[in-house]
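One structure is given here, and the rest of the page talks about it.
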Amino acid sequence: MNMETQLDPMKDDLPLMANTSYMLVKHYVLDLDVDFKSKVIEGSIVLFLETGSKYRQTSIAGKECCQSQFDETCKMRVSEPCHVPVINVSTCLSKTEYSDFAVSGKEEEATSDENSNHSNSEQASGISSSKDCSDTENHGNKDFLLVLDCCDLSVLKVEEVDVAAVSGTEKFTRSAKLTGASKELENLRNLIVHELVTLPADHWKEQLHYFTHCSQAPGCGELLFSTGTWSLEIRKSGIRTPADFPHAIRIWYKTKPEGRSVTWTADQSGRPCVYTMGSPINNRALFPCQEPPVALSTWQASVRAASGFVVLMSGENSAEPVQLREGMLSWYYYVSMPMPASTFTIAVGCWQEVKQQSFKQTAAETNTEFSLPSSQTDFSPHIIFLSQSVLPGGSHLCGTRLCHEIAHAWFGLAIGARDWTEEWISEGFATFLEDIFWARAQQQLSHDEIKGQQELKALLRWRRLRDEVQNSEEELQVLRPKKESTGELSESGASVVKYGLKAEKIFMQVHYLKGYFLLRSLARTIGEASYLASLRKFVIKFHGQLVLSQDFLSMLLEDIPQQKKAGLTVESIFQNWLDTSGIPKPLLEEGETWKDCQLVQQVSGEVTKWIQTNRRIRKSSKKKMKQDEVVFQQLLPDQLVLLLESLLEEKTLCPRILQCLERTYQLREQDAEVRHRWCELVIKHKYEPGYGDIERFLREDQAMGVYLYGELMVNEDAKQQELARKCFAAAQEHMDASSAKVVAEMLF
Numbered sequence: 004m005n006m007e008t009q010l011d012p013m014k015d016d017l018p019l020m021a022n023t024s025y026m027l028v029k030h031y032v033l034d035l036d037v038d039f040k041s042k043v044i045e046g047s048i049v050l051f052l053e054t055g056s057k058y059r060q061t062s063i064a065g066k067e068c069c070q071s072q073f074d075e076t077c078k079m080r081v082s083e084p085c086h087v088p089v090i091n092v093s094t095c096l097s098k099t100e101y102s103d104f105a106v107s108g109k110e111e112e113a114t115s116d117e118n119s120n121h122s123n124s125e126q127a128s129g130i131s132s133s134k135d136c137s138d139t140e141n142h143g144n145k146d147f148l149l150v151l152d153c154c155d156l157s158v159l160k161v162e163e164v165d166v167a168a169v170s171g172t173e174k175f176t177r178s179a180k181l182t183g184a185s186k187e188l189e190n191l192r193n194l195i196v197h198e199l200v201t202l203p204a205d206h207w208k209e210q211l212h213y214f215t216h217c218s219q220a221p222g223c224g225e226l227l228f229s230t231g232t233w234s235l236e237i238r239k240s241g242i243r244t245p246a247d248f249p250h251a252i253r254i255w256y257k258t259k260p261e262g263r264s265v266t267w268t269a270d271q272s273g274r275p276c277v278y279t280m281g282s283p284i285n286n287r288a289l290f291p292c293q294e295p296p297v298a299l300s301t302w303q304a305s306v307r308a309a310s311g312f313v314v315l316m317s318g319e320n321s322a323e324p325v326q327l328r329e330g331m332l333s334w335y336y337y338v339s340m341p342m343p344a345s346t347f348t349i350a351v352g353c354w355q356e357v358k359q360q361s362f363k364q365t366a367a368e369t370n371t372e373f374s375l376p377s378s379q380t381d382f383s384p385h386i387i388f389l390s391q392s393v394l395p396g397g398s399h400l401c402g403t404r405l406c407h408e409i410a411h412a413w414f415g416l417a418i419g420a421r422d423w424t425e426e427w428i429s430e431g432f433a434t435f436l437e438d439i440f441w442a443r444a445q446q447q448l449s450h451d452e453i454k455g456q457q458e459l460k461a462l463l464r465w466r467r468l469r470d471e472v473q474n475s476e477e478e479l480q481v482l483r484p485k486k487e488s489t490g491e492l493s494e495s496g497a498s499v500v501k502y503g504l505k506a507e508k509i510f511m512q513v514h515y516l517k518g519y520f521l522l523r524s525l526a527r528t529i530g531e532a533s534y535l536a537s538l539r540k541f542v543i544k545f546h547g548q549l550v551l552s553q554d555f556l557s558m559l560l561e562d563i564p565q566q567k568k569a570g571l572t573v574e575s576i577f578q579n580w581l582d583t584s585g586i587p588k589p590l591l592e593e594g595e596t597w598k599d600c601q602l603v604q605q606v607s608g609e610v611t612k613w614i615q616t617n618r619r620i621r622k623s624s625k626k627k628m629k630q631d632e633v634v635f636q637q638l639l640p641d642q643l644v645l646l647l648e649s650l651l652e653e654k655t656l657c658p659r660i661l662q663c664l665e666r667t668y669q670l671r672e673q674d675a676e677v678r679h680r681w682c683e684l685v686i687k688h689k690y691e692p693g694y695g696d697i698e699r700f701l702r703e704d705q706a707m708g709v710y711l712y713g714e715l716m717v718n719e720d721a722k723q724q725e726l727a728r729k730c731f732a733a734a735q736e737h738m739d740a741s742s743a744k745v746v747a748e749m750l751f
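Letter by letter, the sequence shown follows residues 4 to 751 of the working numbering.
Printed below as a string of structure tokens:
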């Protein structure tokens, strides 16, 4: 029975099937067409592979053993061979699944006499040898299987690429001593690929040149393949080891319109567009790839689309389109820094480019706080996706979100988590650094003003964490759910991302918030200057590598030996912050230090005024409230969020207060975070003049609006429930699958 079929694609752990311990993709060449009529991206991808760096073949009483460890370039430490205790991710292929193999005539003859039971060698090829999988009709179980992560794709053909046919590649093989006529050509091809992928970094232009030509080389024989729910498995008849497996292969495939890695939708003007959505399954529904964090690779891509469409990608070059024929443009991008396949990003639409000069002019006209560097600056066009929800309502929300995404250039891209379960390494750091970057971006602020803003932000995050902990499953609140086995892999390199497919996890911020508070606590204990110096040292030391929590924490504590005396150890941090659910003890003990913050005190004063005014109106028989009675102060966006959250704790607010509240602060014109709290107030107090604001929010701010659907249903008010269903019916087709599933469960 196939393990894959037991996984509920919307609930469980996300499987990372690729057998990276045996073979690693070092470079991808994509050659794709985007078709908006059929909502399909199709074409080919060429994979340039390297044998797993620690792979070795040892003959032990006829067994083939594969020693799997990490790629040396990542400088990782592994003390013992690792095993995944919970689930055997290696696939057992049944007879029926083998019938999906694409077999060319010659191959069929070669495999027909290879029927055999499972043997010990199958462990080497990622096939489980458990008894229930035995099937005498299985073909070629002794062959090495290359396993790739793949989902929602139609794979049409897989072939070996004849890189030896490319002129100029002879220089890579001059020193080779090849023996044996039949294997000579195969060895030659693999040697060329090996020499090509191991060229030094400063030869990247030459490397890219050869990758391009090799990717266009003719095929030299079809390979057998089979697709499962989560994987694509490829083999070559008679090839037993990764070392002998073809190191350059071409896969012809099509995406599916419902594929979870891309979103086909319309832009604000109603024109079609498609983009990678960074879904929980990453890019495996855009192209077959290796998803485990250890699989860092470079890539290049040529993408064709109809004229009028602009193709943007997360490349290092600024692409200029080439007209292929009437009505068709080709766009070319590449990256030279090895990165996870999940960072490959594409967005195709009728985009309009805002040139730097016009941006400056616009900034001056609207008096925003941004200042762009001079034109001499090198603008590498890696893409940052920002929801339209962060754009309206002033520069604050957009500015802070931009700072968060920019922080990922260091934490998430330059340094990655060795186990994706440890998301806090990326998101906690980006949340912490967001405040530091934003403070620098607002050049006119004093030190005290910056501190005030950061304390206010800390209070809002504390409230959010408190609410999330009260309203979510305990298992999803733990930052290191795999505890001691974090970072462990099965022998093939396969693993799982714990709870990676739980739909509600996408809307949780616990990894952001707990991670932020841990880093904030460390910064306060150590002192911000020392802390930032350690952070810089960490970035320099681990640039281009994958880390576990203890790599960062050990280095930090080594830098400050006095902390060990204070009882601060890696173990105590695990225990208090990363391995338990709920609010970390040190955070509870810290006390609400932000109460002393002037910005917070100012909000408290305003909340008191609103509550008193509300009481007065309710007691008063007079129809009108005198306008000169109360003067309300202007508040910053984060202060408005705190004000509305505080008023949400009041049992009753009369309609006149809500009307006055909206007018005083022009709530309909504020940013999405403020408007979300306003919508919550409208729902709580059944304030019908505000129902239009809820409808607008659910239509225009879909990702942020999921929580509001639940609120509309909980009140058991017929009008509100009707409003929720009406909005969902209109927005459903534009929502991603996970959001739609979570909302549907609330409504029906």
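All residues carry an ideal CB built from backbone N, CA and C; glycine is no exception.
I think residue i touches residue j, with their Cβ atoms under 8 angstroms apart; what is that distance to the nearest whole Å?
{"i": "THR301", "j": "HIS30", "result": "5 angstroms"}
{"i": "SER218", "j": "VAL49", "result": "4 angstroms"}
{"i": "TYR534", "j": "LEU525", "result": "6 angstroms"}
{"i": "GLU609", "j": "LEU638", "result": "7 angstroms"}
{"i": "GLN553", "j": "VAL573", "result": "5 angstroms"}
{"i": "ILE686", "j": "GLN723", "result": "6 angstroms"}
{"i": "LEU556", "j": "ILE576", "result": "6 angstroms"}
Tell me which residues share the same chain as residue i and place their Cβ nearer than 7 angstroms to its Cβ, disregarding the 5 neighbours each side in the sequence.
{"i": "ARG404", "result": "LEU389 and VAL393"}
{"i": "LEU750", "result": "TYR712, MET716, ALA727, ARG728 and PHE731"}
{"i": "HIS2", "result": "Summary: the structure shown does not reach residue 2, with the chain confined to residues 4 through 751, and so no result is reported for it."}
{"i": "GLU477", "result": "SER584"}
{"i": "ILE620", "result": "MET628, CYS657, ARG659 and ILE660"}
{"i": "ASP739", "result": "THR266, MET280 and SER282"}
Residue i and residue j: beta carbons closer than 9 angstroms?
{"i": "LEU17", "j": "LEU327", "result": "no"}
{"i": "VAL513", "j": "LEU479", "result": "yes"}
{"i": "GLU53", "j": "LEU33", "result": "no"}
{"i": "PRO296", "j": "GLY419", "result": "yes"}
{"i": "LEU299", "j": "PRO343", "result": "yes"}
{"i": "GLU458", "j": "LEU602", "result": "yes"}
{"i": "ARG467", "j": "LEU516", "result": "yes"}
{"i": "GLY311", "j": "CYS353", "result": "yes"}
{"i": "VAL351", "j": "VAL313", "result": "yes"}
{"i": "VAL306", "j": "TYR337", "result": "no"}
{"i": "LEU650", "j": "TRP597", "result": "no"}
{"i": "PHE435", "j": "ARG523", "result": "yes"}
{"i": "VAL709", "j": "PHE510", "result": "yes"}
{"i": "ALA304", "j": "MET331", "result": "no"}
On the DSSP letters alone, give me the boundaries of the beta strand (DSSP E) that residue i sits inside.
{"i": "ASP38", "result": "26-38"}
{"i": "ASP562", "result": "From DSSP, ASP562 is part of no beta strand (DSSP E) but of the alpha helix (DSSP H) over 552-562."}
{"i": "MET340", "result": "331-343"}
{"i": "GLY222", "result": "222-225"}
{"i": "GLU53", "result": "43-54"}
{"i": "GLU253", "result": "Glu is not the amino acid found at residue 253; the sequence shown has Arg there. Counting along the chain, the beta strand (DSSP E) containing ARG253 begins and ends at 251-258."}
{"i": "LEU151", "result": "149-152"}
{"i": "GLU648", "result": "From DSSP, GLU648 is part of no beta strand (DSSP E) but of the alpha helix (DSSP H) over 640-651."}
Assign residue i to one of two classes, buried (16 or more other C-beta atoms within 10 Å of its C-beta) or exposed (fewer than that).
{"i": "ALA536", "result": "exposed"}
{"i": "PRO88", "result": "Residue placement at PRO88 is flagged as unreliable, the pLDDT there being 29, under the threshold of 50; a coordinate-derived value is accordingly withheld."}
{"i": "GLN210", "result": "buried"}
{"i": "GLN293", "result": "buried"}
{"i": "VAL150", "result": "buried"}
{"i": "ARG192", "result": "buried"}
Give me, in chain order, the residues of the same chain whose beta-carbon lies closer than 8 angstroms to that of residue i; leave out the 5 immediate sequence neighbours on both sides.
{"i": "PRO640", "result": "GLY396, GLY397, HIS399, LEU400, GLN673, ASP674, GLU676 and VAL677"}
{"i": "VAL196", "result": "PHE51, LEU52, GLU53, VAL166, CYS217, HIS250 and ALA251"}
Please report the residue range of the alpha helix (DSSP H) in which residue i lies.
{"i": "ASP438", "result": "427-444"}
{"i": "TYR278", "result": "That residue, TYR278, is in no alpha helix (DSSP H); its beta strand (DSSP E) goes 275-279."}
{"i": "SER305", "result": "No alpha helix (DSSP H) holds SER305; the beta strand (DSSP E) holding it covers 299-309."}
{"i": "SER537", "result": "531-545"}
{"i": "GLY402", "result": "399-410"}
{"i": "ALA727", "result": "721-734"}
Beta-carbon within less than 6 angstroms of residue i's beta-carbon, same chain only, minus the 5 sequence neighbours each way: which residues are those?
{"i": "VAL606", "result": "GLN642, LEU645 and LEU646"}
{"i": "GLY262", "result": "ASP155 and ALA288"}
{"i": "SER47", "result": "ASP34, ARG253 and TRP255"}
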